[in-house]
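A.B. asks: A single structure is presented below for examination.
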Amino acid sequence: MTATHSLAAEDLTLAYGERTVIEGLDLLVPPGRITAVVGANACGKSTLLRSMSRLLAPRSGRVLLDGKAVHRLPAKELARTLGLLPQSPIAPEGITVADLVGRGRHPHQRVFSRWSKEDDAAVAAALDATETTPLADRAVDELSGGQRQRVWIAMALAQQTDLLLLDEPTTFLDVAHQIEVLDLLTDLNRTRGTTIVMVLHDLNLAARYADHLVALSGGQIHAAGTPEDVLTEECVRAVFGLDSQVIVDPTSGKPLMLPMGRHHTAPRADVLQSTSGS
Amino acid sequence: MTAVVTPAPSTVDTVARGRVRRAARRRLVITLLALAVLVAFAVTLMVGRTFYPPGDVLRVVLGSDVPGASFTVGTLRLPRAVLAVVAGLSFGLAGVTFQTMLRNPLASPDVIGITSGASAAAAFAIVILGWSGTAVSVTAIVAALGVALLIYMLAFKDGVAGTRLILIGIGVAAMGKSITSYVLSKAGAWDFAEALRWLTGSLNGSTWEATVPALVALLVFGPVLLGQTRNLSALQLGDDTASALGVRVERTRVIAIVAAVALLAFATAACGPIAFVSFLAGPIAARLVGPNGSLLVPAALVGALLVLVADLCGQYAFGTRYPVGVITGVLGAPYLIYLIVRSNRTGGSL
Numbered sequence: 004m005t006a007t008h009s010l011a012a013e014d015l016t017l018a019y020g021e022r023t024v025i026e027g028l029d030l031l032v033p034p035g036r037i038t039a040v041v042g043a044n045a046c047g048k049s050t051l052l053r054s055m056s057r058l059l060a061p062r063s064g065r066v067l068l069d070g071k072a073v074h075r076l077p078a079k080e081l082a083r084t085l086g087l088l089p090q091s092p093i094a095p096e097g098i099t100v101a102d103l104v105g106r107g108r109h110p111h112q113r114v115f116s117r118w119s120k121e122d123d124a125a126v127a128a129a130l131d132a133t134e135t136t137p138l139a140d141r142a143v144d145e146l147s148g149g150q151r152q153r154v155w156i157a158m159a160l161a162q163q164t165d166l167l168l169l170d171e172p173t174t175f176l177d178v179a180h181q182i183e184v185l186d187l188l189t190d191l192n193r194t195r196g197t198t199i200v201m202v203l204h205d206l207n208l209a210a211r212y213a214d215h216l217v218a219l220s221g222g223q224i225h226a227a228g229t230p231e232d233v234l235t236e237e238c239v240r241a242v243f244g245l246d247s248q249v250i251v252d253p254t255s256g257k258p259l260m261l262p263m264g265r266h267h268t269a270p271r272a273d274v275l276q277s278t279s280g281s
Numbered sequence: 087m088t089a090v091v092t093p094a095p096s097t098v099d100t101v102a103r104g105r106v107r108r109a110a111r112r113r114l115v116i117t118l119l120a121l122a123v124l125v126a127f128a129v130t131l132m133v134g135r136t137f138y139p140p141g142d143v144l145r146v147v148l149g150s151d152v153p154g155a156s157f158t159v160g161t162l163r164l165p166r167a168v169l170a171v172v173a174g175l176s177f178g179l180a181g182v183t184f185q186t187m188l189r190n191p192l193a194s195p196d197v198i199g200i201t202s203g204a205s206a207a208a209a210f211a212i213v214i215l216g217w218s219g220t221a222v223s224v225t226a227i228v229a230a231l232g233v234a235l236l237i238y239m240l241a242f243k244d245g246v247a248g249t250r251l252i253l254i255g256i257g258v259a260a261m262g263k264s265i266t267s268y269v270l271s272k273a274g275a276w277d278f279a280e281a282l283r284w285l286t287g288s289l290n291g292s293t294w295e296a297t298v299p300a301l302v303a304l305l306v307f308g309p310v311l312l313g314q315t316r317n318l319s320a321l322q323l324g325d326d327t328a329s330a331l332g333v334r335v336e337r338t339r340v341i342a343i344v345a346a347v348a349l350l351a352f353a354t355a356a357c358g359p360i361a362f363v364s365f366l367a368g369p370i371a372a373r374l375v376g377p378n379g380s381l382l383v384p385a386a387l388v389g390a391l392l393v394l395v396a397d398l399c400g401q402y403a404f405g406t407r408y409p410v411g412v413i414t415g416v417l418g419a420p421y422l423i424y425l426i427v428r429s430n431r432t433g434g435s436l
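In order, the protein sequences belong to chains A and B.
Each residue of the first sequence is one higher than the one before, starting from 4 at the first, in the working numbering.
Each residue of the second sequence is one higher than the one before, starting from 87 at the first, in the working numbering.
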């Protein structure tokens with residue numbers, strides 16, 4: 004698999020009925036890298052992601068995959084290159100993990116074609132990659148939230164696309180499972196060169212895991228670039244209307260945002276002393 | 087966690103074995119259901135005021151002339167049995183298509199008013215307009231599509247069949263039933279059984295003229311629906327996921343609705359809206375098959391079995407002969423109540 008596919012939005016305007024969500028947006032997704040899209044609630048993050056995988060037709064402008072408009076590409080052809088994990092996919096009652104992951108093979112199958120050896124291998128590889136192999140014969144509705152999310156990612160992996168879009172893959176997960184999912188996505192990116200675009204709520208995790216950070220505000224890109232360039236106190240104020248302090252994350256060396264509300268913001272004297280003394 | 091490009095052979099083995107096991111379970115259920123349908127079909131041909139042994143029945147079906155049996159089996163019982171199977175398959179297939187597509191067992195066409203729309207139109211065409219044959223089928227189809235379109239416009243929000251769709255559908259169903267009742271009250275000399283045909287469905291007085299259009303519709307639209315099996319399976323994961331998997335969601339939905347409505351309308355024009363068969367077939371098939379693949383074929387067979395067995399019960403189990411729809415109605419109503427009670431708690435799925 005290669006990481007040479009280019010995905011870009013060109014003067015993109017998106018709307019639901021009368022309500023315009025994204026207006027005249029240009030975006031270039033760096034191939035083979037991890038891009039995180041952040042922004043306030045209802046700023047159009049998910050809408051942008053849906054449009055990039057052609058779930059939503061643009062009002063004007065285009066989404067280009069390798070220079071071709073995605074809304075013009077044959078559905079299955081697109082689905083062999085570009086995968087999307089929506090925010091709340093639905094698991095049919097009682098479906099087993101292996102069966103659900105197998106649904107990811109849809110774009111590789113014909114109407115009455117038989118299940119092939121490649122299909123089995125792709126499902127197995129997806130299970131192995133997400134460490135869900137021991138769950139293969141379990142029912143999806145019996146699993147914990149973290150396990151279930153890994154299974155959905157496995158389904159998207161079985162689709163074997165070079166580009167993978169994920170809409171808030173860490174929502175509803177506790178912190179350990181959030182890290183687990185983001186580590187898994189990083190592994191995918193590093194070992195297979197899969198280009199990843201994900202919408203994330205947590206700014207600090209986004210800054211830590213993304214190579215490229217996109218901050219959306221009011222249907223426009225406020226800033227895009229490396230986490231160091233994008234995650235600044237000014238940016239947080241402009242995008243979220245929140246005062247903050249951005250420091251260097253001692254664990255990762257990436258920027259770390261500390262929100263400043265109206266309470267609990269007076270620094271403890273001993274902490275101040277130890278930082279100024281060092 | 088590491089990303090693996092080449093899977094472990096043992097994992098491939100697990101995946102393949104699980105898939106084969108699921109397919110085997112589904113095949114077993116389908117085979118047993120098909121056998122049960124065959125047996126019920128044979129019993130329908132053999133049993134009646136006069137009993138004919140299998141040998142006689144077989145000879146009649148194969149075209150030989152058997153004194154007595156040729157008329158009773160060939161002219162009276164055979165069209166009835168064939169119509170029972172055709173209508174059952176059609177109702178089952180159409181019902182499970184709607185339930186799968188809308189991800190809600192309550193969203194079957196007889197609960198949301200599509201069947202009663204077809205029935206009202208058929209009764210209107212026959213009683214008021216004095217039409218028969220194909221004209222009645224066409225009227226039923228147009229009305230059923232109209233009702234489907236009406237419900238679609240009133241209730242669809244991003245393809246989700248919420249409470250809204252069910253409530254609107256139940257309202258539409260009640261309207262259809264009241265139109266049918268009104269039409270029947272205008273039909274002076276109709277006897278009770280004939281009237282019941284259009285209210286709950288009946289196989290009494292089945293003829294080849296009524297059966298053949300429904301059979302042709304099944305042969306045309308059945309394969310169309312079966313061709314959508316994989317797309318419908320993907321739709322179960324939600325519209326967004328299905329679309330991301332390369333399914334053209336709107337197109338799949340339109341094909342499935344038109345084919346399912348056509349099946350329903352032709353079957354309804356032949357024998358009336360046999361109560362609750364499309365509603366019951368899918369969930370019963372789901373219980374039998376388990377989460378082991380598409381329910382289209384199993385549900386169709388369950389539908390046929392339901393109609394055949396309910397018709398046998400209606401004819402011979404009680405002192406009086408009841409139309410088949412009365413029996414299926416008695417079976418279906420408690421299940422409907424159960425589902426509504428349950429869906430309040432869990433949201434319910436097929």
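Quick reminder that beta carbons are idealized off the backbone N, C-alpha and C, glycines included.
State the Cα-Cα distance for the pair Leu261(A) and Val251(A), rounded to the nearest angstrom.
C.D. replies: The residue given as residue 261(A) occupies position 258 in the first sequence. The residue given as residue 251(A) occupies position 248 in the first sequence. Their backbone Cα atoms lie some 10 Å apart in a straight line.
A.B. asks: State yes or no: is the beta carbon of Val333(B) nearer than 9 Å to at least one beta carbon in chain A?
C.D. replies: Within the second sequence, residue 333(B) is the residue found at index 247, counting from 1. Yes, because at least one Cβ of chain A sits closer than 9 Å to the Cβ of Val333(B).
A.B. asks: How would you list, in chain order, the residues of chain A whose beta-carbon sits under 9 Å from the beta-carbon of Arg108(B)?
C.D. replies: Taking the second sequence and counting its residues from 1, the one referred to as residue 108(B) is at position 22. Correct list: Thr99, Ala101 and Asp102.
A.B. asks: So, does the stretch 166-184 of chain A touch the stretch 148-157 of chain A, judging by three or more C-beta pairs under 8 Å?
C.D. replies: Judged by Cβ distances under 8 Å, the stretch 166-184 of chain A makes contact with the stretch 148-157 of chain A, as three or more pairs qualify.
A.B. asks: Quick one: what's got a C-beta closer than 7 Å to Gln314(B)'s C-beta in the same chain, skipping five residues either side?
C.D. replies: Within the second sequence, the letter at position 228 stands for residue 314(B). The residues are Thr338, Ile341 and Ala342.
A.B. asks: Contact criterion: CB-CB distance below 9 Å. Does Asp140(A) meet it with respect to chain B?
C.D. replies: Start at 1 with the first residue of the first sequence, and residue 140(A) comes out as number 137. Closer than 9 Å to some Cβ of chain B, the Cβ of Asp140(A) qualifies, so yes.
A.B. asks: Can you check whether the CB of Val66(A) is closer than 9 Å to the CB of Leu15(A)?
C.D. replies: Locating residue 15(A) in the first sequence gives position 12, counting from the first residue. Locating residue 66(A) in the first sequence gives position 63, counting from the first residue. Yes. Within cutoff.
A.B. asks: Per DSSP, Arg65(A) is paired with what?
C.D. replies: One-based indexing of the first sequence puts residue 65(A) at position 62. Answer by DSSP bridge pairing, in chain order: Glu13(A).
A.B. asks: Check this for me: beta carbons of Thr167(B) and Leu394(B), under 9 Å apart or not?
C.D. replies: As a first step, residue 167(B) must be located in the second sequence, where it is residue number 81. As a first step, residue 394(B) must be located in the second sequence, where it is residue number 308. Looking at the sequence provided, one finds Ala at residue 167(B) rather than Thr. In this structure, Leu394(B) lies closer than 9 Å to Ala167(B) by Cβ.
A.B. asks: Looking at the secondary structure, which residues open and close the beta strand (DSSP E) in which Glu26(A) lies?
C.D. replies: Residue mapping note: residue 26(A) aligns to position 23 of the first sequence, counting from 1. Element bounds for Glu26(A): Arg22 to Val32.
A.B. asks: Could you list which residues in chain B have their beta carbon closer than 7 Å to that of Val126(A), in chain order?
C.D. replies: The sequence position of residue 126(A) within the first sequence is 123, counting from 1. Simply Val101.
A.B. asks: Hey, out of Ile116(B), Ala155(B) and Ala355(B), whose CA is closest to Gly287(B)'s CA?
C.D. replies: Here the question's residue 287(B) lines up with position 201 in the second sequence. The shortest Cα separation from Gly287(B) among Ile116(B), Ala155(B) and Ala355(B) belongs to Ala355(B).
A.B. asks: Using a Cβ cut-off of 7 Å, which residues of the stretch 307-326 of chain B contact any Cβ in chain A, in chain order?
C.D. replies: Per Cβ criterion, the list reads Gly313, Arg316, Ser319, Ala320, Gln322, Leu323, Gly324 and Asp326.
A.B. asks: Please state whether the Cβ-Cβ distance between Phe404(B) and Ile227(B) is less than 9 Å.
C.D. replies: The residue labelled residue 404(B) in the question sits at position 318 within the second sequence. The residue labelled residue 227(B) in the question sits at position 141 within the second sequence. Not a contact, by the Cβ cut-off of 9 Å.
A.B. asks: Tell me, please, whether the CB atom of Arg22(A) is closer than 9 Å to any CB atom in chain B?
C.D. replies: Sequence index remark: in the first sequence, residue 22(A) carries index 19 (1-based). For Arg22(A), the answer is no, since every Cβ of chain B falls outside 9 Å of its Cβ.
A.B. asks: In whole angstroms, what separates the C-alpha of Pro420(B) from that of Phe362(B)?
C.D. replies: Counting from one through the second sequence, the residue named residue 420(B) turns up at place 334. Counting from one through the second sequence, the residue named residue 362(B) turns up at place 276. Looking at the two C-alpha atoms, the distance is approximately 11 Å.
A.B. asks: Is Gln223(A) helix, strand or coil when you go by DSSP?
C.D. replies: Within the first sequence, the letter at position 220 stands for residue 223(A). In the structure shown, Gln223(A) sits in a strand (DSSP, three-state: E or B).
A.B. asks: Quick one: what does DSSP say Ile37(A) is sitting in, helix, strand or coil?
C.D. replies: As a position in the first sequence, residue 37(A) is number 34, starting the count at 1. DSSP places Ile37(A) in strand when its eight states are reduced to three.
A.B. asks: For Val73(A) and chain B, any beta-carbon pair shorter than 9 Å?
C.D. replies: Counted from its first residue, the first sequence places residue 73(A) at position 70. So no, Val73(A) is outside the interface.
A.B. asks: For Gly86(A), go through chain B and note every residue whose CB falls closer than 8 Å to its CB, in chain order.
C.D. replies: As a first step, residue 86(A) is located in the first sequence; it is residue number 83 there, counting from the start. Here the neighbours are Ala330.
A.B. asks: To which residues of the same chain is Gly105(A) closer than 6 Å at the C-beta, ignoring the five residues directly before and after it?
C.D. replies: Sequence index remark: in the first sequence, residue 105(A) carries index 102 (1-based). These residues qualify, in order along the chain: Val126.
A.B. asks: Taking Cβ-Cβ distances shorter than 9 Å, what residues in chain A pair up with Gly376(B)?
C.D. replies: Position 290 of the second sequence, counted from the start, is the residue given in the question as residue 376(B). Per Cβ cutoff of 9 Å: Gly97.
A.B. asks: Return no unless some Cβ of chain A is closer than 9 Å to the Cβ of Pro93(B).
C.D. replies: Against the second sequence, residue 93(B) aligns to sequence position 7. Pro93(B) counts as touching chain A.
A.B. asks: Report all residues from its chain with a CB closer than 6 Å to the CB of Arg112(B); omit the five preceding and five following residues, and keep chain order.
C.D. replies: As a first step, residue 112(B) must be located in the second sequence, where it is residue number 26. So the list reads Val375, Asn378 and Gly379, once near-sequence residues are dropped.
A.B. asks: For Gly104(B), return the contacting residues in chain A, with the cut-off set at a CB-CB distance below 8 Å.
C.D. replies: On the second sequence, position 18 is the one that residue 104(B) refers to. In chain order: Thr99, Ala101, Asp102, Ala139 and Asp140.
A.B. asks: Please list the partners that Lys79(A) has in chain B, where partner means a Cβ-to-Cβ separation under 7 Å.
C.D. replies: On the first sequence, position 76 is the one that residue 79(A) refers to. Correct list: Gly332.
A.B. asks: Give the residues of chain A in contact with Arg189(B), contact being defined as C-beta atoms less than 7 Å apart.
C.D. replies: In the second sequence, residue 189(B) corresponds to position 103, counting from 1. Within chain A, the residues near Arg189(B) are Ile93.
A.B. asks: Find the residues of chain B that neighbour Asp69(A), judging by a C-beta separation of less than 9 Å, and give them in chain order.
C.D. replies: For the purposes of this step, residue 69(A) is identified with residue 66 of the first sequence, where counting begins at 1. The premise fails here: Asp69(A) is roughly 17 Å from chain B at the closest Cβ pair, so nothing lies under 9 Å.
A.B. asks: Identify, in the order they occur along the chain, each residue of the same chain with its Cβ nearer than 6 Å to the Cβ of Leu251(B), setting aside the five sequence neighbours on each side.
C.D. replies: Working through the second sequence from its first residue, we reach residue 251(B) at position 165. Same-chain partners within the cutoff: Ala241.
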